[in-house]
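K.L.:
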Amino acid sequence: MSVKPLRECGPAARIAVIAGDGIGKEVTPESVKAIRSAITSARRQIEFVEFDWGADKFLREGVSLPAGAVEMLANEFDAILFGALGDPRVPSNQHAADILLGLRFKLDLFVNARPVELFHDRLTPLRDRSANDIRFMVFRENSEGLYVGVGGFFKKDTPDEIAVQEDVNSRKGVERIIRHAFDYARRNQLKRVCMSDKSNAMNFAHDLWQRVFKQVLQEYPEIESRHLYIDTLAMEVVRDPRQFDVIVTCNLFGDIISDLGAQLAGGLGLAPSGNIHPGRTSLFEPVHGSAPNIAGKGIANPLGSILTSGMMLDFLGWKSEGDALRNAVRSALQENFVTPDLGGDKGTVEVGDWIAERVADR
Ligand SMILES: NC(=O)c1ccc[n+]([C@@H]2O[C@H](COP(=O)([O-])OP(=O)(O)OC[C@H]3O[C@@H](n4cnc5c(N)ncnc54)[C@H](O)[C@@H]3O)[C@@H](O)[C@H]2O)c1
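Mind the numbering: the sequence shown is residues 9 to 370 in this note's numbering, read in order.
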């Protein structure tokens, strides 16, 4: 079956690179190297344009997301390869919120795709589970829910203080993420979609999720659809992850369940993600942050960023190049050519070089 890409960019793509802060600046160049290696081999064209947005610029010039940046990215680039943001010199994290949340919301990147795939048996904390047992995709709604910042304080800083945080769920927002999950399952010939909510307690917001789910699933009769409350899902994912192909849920629950999944498959250093709006400029980032505790030491694990790049290549329709990156990562893990967080003794650049060579030799 030929799989239609989420972004039709043809044989040439333009990628904006925002490495950001801390280890973002160390792992992102390794990703660019790996992609170049994959692309050279396949005779496609890719242009990278780097942007120095991050803490240094914010502290120097007071600029986080420059004026006109969103329009420029939307109009001139196919995708954004992102590192991480966060710097102890900016305790408010203002620049990170402006740039990352700004791009997610203003580019309307409503899909947060977090694949969970165990590449080597030794990496899971689950007993008696092997690589074939842990392979599923989490789709987190990424544009609304509890993260829209609607709310307020009443009687702040008094003993009678009240804090309110609104959970915003639109029919359009719920429908498009549920439909995306089913479309993904259909495109990839996956059999099962599980929607998770807390409709037994959240009887308005998640009643909407229930009704939309029951309506949308009718259009995908070949797919087995299932509902689990989020607390049950958390238990079931740990008890037997083989039950799941695709999970779709709201912003908050997706944030948590995808981190649980990441840990089942080897932890932060390996976890990739995409912030996607099908057909539009989308942003791809490793799940980890800027890791100030190891920044500058040359030991950050670049594999999460490289797997993220694989997702970006899939998004562009360059699946065989994406597979090349994933296969090289699988080999690095098999041969234990890894950084200290995974028990190895290699540096970031050493691992990046090894991956790029492996990709070129394929
Ligand atoms: N998307 C993002 O840009 C993003 C995401 C999470 C956190 N942050 C920011 O990053 C900063 C640090 O946050 P944190 O410490 O909570 O999370 P973190 O992900 O940066 O680090 C958590 C732990 O995991 C380790 N780690 C993370 N990535 C690693 C890698 N690739 N290789 C080896 N070890 C790795 C770190 O050394 C640290 O011990 C904060 O400013 C936070 O706001 C940014």
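Beta carbons: idealized from backbone N, C-alpha and C, even for Gly.
What residues come near ligand 1, if near means a beta carbon less than 5 Å from any of its heavy atoms?
P.N.:
My final list is Ala92, Leu93, Gly94, Leu276, Gly277, His296, Gly297, Ser298, Ala299, Asn301, Ile302, Ala308, Asn309 and Asp349.
K.L.:
What span of residues does the alpha helix (DSSP H) with methionine 80 cover, start to end?
P.N.:
Element bounds for methionine 80: 77 to 84.
K.L.:
Please classify serine 204: is it buried, with 16 or more other beta-carbons within 10 angstroms of its beta-carbon, or exposed?
P.N.:
When all chains shown are included, serine 204 counts as buried.
K.L.:
Output the distance between the C-alpha atoms of leucine 341 and glycine 318, rounded to the nearest integer angstrom.
P.N.:
Approximately 16 Å between the Cα atoms of the pair.
K.L.:
Quick check: what's the CA-CA separation for alanine 364 versus arginine 44?
P.N.:
Each residue's alpha carbon lies about 8 Å from the other.
K.L.:
Say whether the region 267 to 278 touches the region 300 to 311, bearing in mind that this needs 3 or more beta-carbon pairs closer than 8 Å, one atom from each stretch.
P.N.:
These segments touch.
K.L.:
Considering only the alpha carbon of each residue, which of Pro133, Ala92, Arg187 and Phe66 lies closest to histidine 296?
P.N.:
Nearest option by C-alpha distance: Ala92.
K.L.:
DSSP puts asparagine 5 in a beta bridge; with which residues?
P.N.:
As shown, the chain starts at 9 and ends at 370. That puts residue 5 outside it, with no answer to give.
K.L.:
Tell me the residue span of the beta strand (DSSP E) that contains leucine 236.
P.N.:
Start and end: 232 to 237.
K.L.:
Please classify glycine 304 as buried or exposed, where buried requires at least 16 neighbouring CB atoms within 10 angstroms.
P.N.:
It counts as exposed.
K.L.:
Apply the 10 Å Cβ neighbour rule to lysine 354 and answer buried if 16 or more other Cβ atoms are within range, or exposed otherwise.
P.N.:
Its Cβ being crowded by 16 or more others within 10 Å, lysine 354 is buried.
K.L.:
With a threshold of 8 Å on Cβ separation, who are the neighbours of proline 74 within its own chain once the five nearest residues in sequence on each side are excluded?
P.N.:
Same-chain partners within the cutoff: Trp61.
K.L.:
Given that a residue counts as buried once 16 or more other Cβ atoms are within 10 Å of its Cβ, and exposed if not, what is phenylalanine 66?
P.N.:
Buried is the call here.
K.L.:
Is it the case that the Cβ atoms of valine 246 and leucine 260 are separated by a distance below 9 Å?
P.N.:
Result no, Cβ atoms of valine 246 and leucine 260 do not sit closer than 9 Å.
K.L.:
Give the list of continuous alpha helix (DSSP H) stretches no shorter than 4 residues that lie fully inside the region 110 to 185.
P.N.:
The qualifying runs are 110 to 114.
K.L.:
Please tell me whether serine 266 and valine 146 are closer than 9 Å, where the distance is taken between their beta carbons.
P.N.:
Yes, these two residues count as a Cβ contact at 9 Å.
K.L.:
Residue range of the alpha helix (DSSP H) that alanine 308 falls in?
P.N.:
Where alanine 308 is concerned, there is no enclosing alpha helix (DSSP H), given that its DSSP letter is neither H nor E.
K.L.:
Which runs of the alpha helix (DSSP H) fall wholly inside the region 298 to 367 and span at least 4 residues, in chain order?
P.N.:
With a minimum length of 4 residues, the continuous alpha helix (DSSP H) runs that stay inside the region 298 to 367 are 311 to 323 and 327 to 342.
K.L.:
Check whether the region 72 to 86 and the region 285 to 293 are in contact - that is, three or more C-beta pairs closer than 8 Å.
P.N.:
Cβ pair count under 8 Å is three or more, so yes.
K.L.:
Does the Cβ of arginine 219 have 16 or more other Cβ atoms within 10 Å, making it buried, or fewer, making it exposed?
P.N.:
Label assigned to arginine 219: exposed.
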